[in-house]
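Some notes on the structure that comes next.
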Amino acid sequence: MNYFSSNFKLGILGGGQLGKMLLTETRKFDIYTCVLDPSAEAPSKIACNEFTQGDLMDYETVVNFGKDVDVLTIEIENVNVNALETLEKQGVKVFPSSKTLKIIQNKAKQKLFYVDNNIPTANFTRFAYLSQIEDAIDNGGLHLPFVWKAAQFGYDGNGVKVVRSKADLTDLQDGECIAETLIPFKNELAVIVSRNVKGEVSTYPVVEMEFHPEANQVEYVICPARIGTKIAHKAQDIALEVSKAFNHVGLLAVEMFQTQDDQILVNEVAPRPHNSGHHTIESSFTSQFEQHLRSILDLPLGKTDNKVAAVMVNLVGAEGHSGDVIYENIEDIMAMDGVTPHIYGKRQTRPFRKMGHVTIVNEDLNEARQIAEDVKNLIKVIS
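In numbering that gives the first Met the number 0, the protein residues as written are 0 to 382.
Next comes the structure, spelled out in structure tokens:
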């Protein structure tokens with residue numbers, strides 16, 4: 000099929016920053032794109048050929064949008080899967096498939112999927128209601144501390160909380176959830192796997208993630224991860240197993256824990272471009288966004304090696320600031336060698352909202368990590 004400068008239409012559900020960065024690649028290849036997003040100010044709006052404002056969870060809206068495109072993909076998991084099923088039956092190619100998405104959308108189903116497929120993951124218990132957790136603690140069926148996760152619609156640290164006492168349960172939303180054994184891990188790692196329709200597969204180098212203790216959001220992504228070759232191979236092998244089990248087409252970001260005794264446990268996955276792969280725009284031969292396109296259009300996969308070491312810093316809204324955004328000291332960080340800011344196009348900031356990221360590339364990973372800290376201390380996302 001001719002995708003380039005043709006009548007072919009690619010549909011993207013979601014018009015946030017991931018969509019915007021994906022559209023940089025569609026513009027490079029002159030692929031016609033249609034985007035659906037609930038916000039009139041969606042970052043992707045300026046970069047696509049056709050923009051439709053609408054609810055991603057509404058069945059009719061998604062079906063009506065999807066029936067006019069040849070291939071449909073996502074940049075966010077929270078979309079109507081029944082609509083995707085209908086579109087698949089009508090002959091629209093949907094990647095990731097509705098089947099894959101149905102499992103991944105629900106954290107309890109996702110965890111059961113790992114167990115069924117012998118993929119190593121932390122032990123967990125599934126609950127239909129929050130009140131059942133209290134009962135389980137009282138009768139000794141569940142031991143503190145543990146990690147509570149809402150089964151549906153959690154993102155960026157929302158819907159996840161470490162529960163150290165019964166008092167920690169008070170603010171949590173009711174409904175289906177899981178309680179997961181708290182793993183005293185050595186490292187949080189991630190591997191991005193790409194797989195095209197033909198079944199060709201490649202993995203990106205393992206990255207290491209450093210988290211903000213309060214917001215539960217990634218502060219630094221470090222590539223390559225500062226781990227031994229043996230652990231890196233183990234992490235990549237497990238990521239490939241996960242991709243194979245899902246029979247997934249597109250990108251799959253597999254987040255993992257490296258335990259104190261060097262086991263690798265799968266935490267969760269995202270079937271789309273991911274925060275842990277943003278550095279690839281500057282550091283890799285093929286960015287994750289281009290690779291996602293190559294995968295879903297069944298084109299040859301690109302080379303995933305690093306050209307250079309990289310550290311990525313997320314730019315999130317400063318605490319105590321809501322309103323029109325100002326990027327304080329951005330000129331100062333742009334004066335530094337190897338530093339590239341990416342601004343997502345959200346006019347309004349609020350505490351911990353993802354507003355952009357900065358990639359630091361350097362021949363020396365330790366130096367890149369130091370510059371990343373300087374960048375983080377210097378630039379402020381305020382109002």
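Glycine is no exception: its CB is placed at the ideal position from the N, C-alpha and C atoms.
Is VAL61 helix, strand or coil by DSSP? On the sequence shown, position 62 is the one that residue 61 refers to. VAL61 falls in the helix class under three-state DSSP.
So is the beta-carbon of VAL310 under 7 Å away from any non-hydrogen atom of the ligand GDP? This structure lacks the ligand GDP, and indeed carries no ligand of any kind.
Terminal residues of the continuous alpha helix (DSSP H) containing PHE28? Here residue 28 refers to the residue found at position 29 of the sequence shown. Counting along the chain, the alpha helix (DSSP H) containing PHE28 begins and ends at 16 to 28.
Who are the Cβ neighbours of SER286 in its own chain at under 6 Å, not counting the five residues just before and after it? What you label residue 286 is simply residue 287 of the sequence shown in a count that begins at 1. Correct list, in chain order: THR279 and ILE280.
According to DSSP, is VAL78 helix, strand or coil? Locating residue 78 in the sequence shown gives position 79, where the first residue counts as 1. Three-state DSSP puts VAL78 in coil, outside helix and strand.
Pick out the complete beta strand (DSSP E) segments inside the stretch 300 to 354, 3 residues or longer, and give them in chain order. 308 to 315, 325 to 327 and 338 to 342
Unbroken beta strand (DSSP E) run spanning THR228, endpoints: Position 229 of the sequence shown, counted from the first residue, corresponds to residue 228. Not the beta strand (DSSP E): THR228 falls in the alpha helix (DSSP H), residues 228 to 245.
Below 8 Å on the Cβ atoms is my contact criterion, and I expect PHE123 with ILE177 to pass it. Report the Cβ-Cβ distance as a whole number of Å. The residue given as residue 123 occupies position 124 in the sequence shown. The residue given as residue 177 occupies position 178 in the sequence shown. Contact flag correct, Cβ pair sits at about 5 Å.
Tell me the residue span of the alpha helix (DSSP H) that contains ARG368. Walking along the sequence shown from the start, residue 368 turns up at place 369. It spans 364 to 377 - the alpha helix (DSSP H) in which ARG368 sits, taken as one unbroken run.
For GLN52, I'd like the list of residues in its chain whose CB is within less than 6 Å of its CB, leaving aside the five on either flank, ordered along the chain. Residue 52 sits at position 53 when you count from the first residue of the sequence shown. If we look at GLN52 and ignore the five residues flanking it on each side, its Cβ neighbours are ALA39.
By Cβ distance, which residues of its chain are closer than 6 Å to LYS233, with the 5 residues on each side in sequence left out? Counting from 1 along the sequence shown, the entry for residue 233 is found at position 234. ILE263.
Which one of GLU240, VAL161, THR303 and LYS185 has the shortest CA to CA distance from PRO212? Counting from one through the sequence shown, the residue named residue 212 turns up at place 213. Out of GLU240, VAL161, THR303 and LYS185, VAL161 has the C-alpha closest to the C-alpha of PRO212.
Hey, out of ILE329, PRO350 and GLY344, whose CA is closest to LYS375's CA? Locating residue 375 in the sequence shown gives position 376, counting from the first residue. It is ILE329 whose Cα lies nearest to the Cα of LYS375.
Cβ neighbours of ASN79 in the same chain (closer than 6 Å, five flanking residues each side left out): Here residue 79 is taken as the residue at index 80 of the sequence shown, counted from 1. MET56, TYR58 and VAL61.
Within 10 Å of its beta-carbon, does GLN89 have 16 or more other beta-carbons around it, so buried, or fewer, so exposed? In the sequence shown, residue 89 corresponds to position 90, counting from 1. The residue is exposed, with fewer than 16 neighbouring Cβ atoms inside 10 Å.
Distance, Cα to Cα, ASN266 vs SER4? As a first step, residue 266 must be located in the sequence shown, where it is residue number 267. As a first step, residue 4 must be located in the sequence shown, where it is residue number 5. If I take the Cα positions, the gap works out to 40 Å.
CA-CA distance, LYS229 and ASP261? On the sequence shown, residue 229 is found 230 positions in, with the first residue counted as 1. On the sequence shown, residue 261 is found 262 positions in, with the first residue counted as 1. The alpha-carbon atoms of LYS229 and ASP261 are separated by roughly 10 Å.
When DSSP labels each residue in this structure, what does SER2 get in the three-state scheme? Taking the first residue of the sequence shown as position 1, residue 2 is located at position 3. The amino acid at residue 2 is misidentified as Ser; the sequence shows Tyr. Coil, per DSSP.
Among the candidates ASN48, GLY13, GLN16 and PRO42, whose CA atom is the shortest distance from the CA of ASN6? As a working note, residue 6 is residue 7 in the sequence shown. Taking only the C-alpha atoms, the option nearest ASN6 is ASN48.
Is there contact here, the stretch 159 to 174 with the stretch 140 to 151, by at least three beta-carbon pairs under 8 Å? yes
Residue range of the alpha helix (DSSP H) that includes THR99: Indexing the sequence shown from 1 puts residue 99 at position 100. It spans 97 to 104 - the alpha helix (DSSP H) in which THR99 sits, taken as one unbroken run.
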